[in-house]
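Going by the working numbering, the first residue of the sequence shown is number 1, and it counts up by one from there. The beta-carbon is built from N, C-alpha and C at its ideal position, and this holds for glycine as well.
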Amino acid sequence: MRLREALKGTPVVVDSTGDHRLRVEVPTKHAFDPQRTAVKPALAAVLDQFATGFKPHAATTELLVGAPADDKASGRIVQDRAASVRDYLVGRGVPISRIVGLGRAEGAGLELLVSDRPASK
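Right under this line is the structure:
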């Protein structure tokens with residue numbers, strides 16, 4: 001099942017970017033509690049679906065994780081949230097070598113950006 005179909009009817013946005021990447025955005029309120037870095041159950045459900053779909057293509061794709069900040073949050077919480085998402089995905093079988101970046105999301109929610117890349121040699 002495709003990710004977009006699996007997440008239909010949820011507040012999660014799955015779309016394509018102009019530079020041929022798949023973008024998955026989860027609203028912050030469903031991803032993290034304020035000032036916290038732990039993955040919330042709603043985000044965990046999305047990440048489970050994502051990991052299932054990503055693993056068969058892991059050899060030829062890369063993943064960037066962009067985490068949201070809170071209004072009063074420092075850059076540290078952004079990095080810690082992104083690391084929490086990375087660790088969750090690795091725990092679900094996504095190879096850590098395919099997660100090529102962690103940082104601040106461009107939008108207001110958690111962003112996962114998937115792009116096609118040649119397999120590492």
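inquiry  = Helix, strand or coil for Gly53? Go by DSSP, reduced to three states.
reply    = As a working note, residue 53 is residue 53 in the sequence shown. Three-state DSSP puts Gly53 in a helix.
task = Closer than 6 Å by C-beta to Arg23: which residues in its own chain qualify, once you throw out the five before and the five after it? Chain order, please.
result = Sequence index remark: in the sequence shown, residue 23 carries index 23 (1-based). Taken in chain order, the residues that qualify are Asp15, Thr17 and Leu113.
query = Across which residues does DSSP place Ile77 in a beta bridge pair?
reply = Here residue 77 refers to the residue found at position 77 of the sequence shown. Looking at the DSSP assignment, Ile77 forms no beta bridge with any residue, so it has no partner.
Cβ pair Ala51, Arg4 closer than 8 Å = Position 51 of the sequence shown, counting from 1, holds the residue named residue 51. Position 4 of the sequence shown, counting from 1, holds the residue named residue 4. No. Outside cutoff.
query = Hey, would you say Val78 sits closer than 8 Å to Arg104, going by beta carbons?
reply = The residue you call residue 78 lines up with position 78 of the sequence shown. The residue you call residue 104 lines up with position 104 of the sequence shown. Yes, they are a contact pair.
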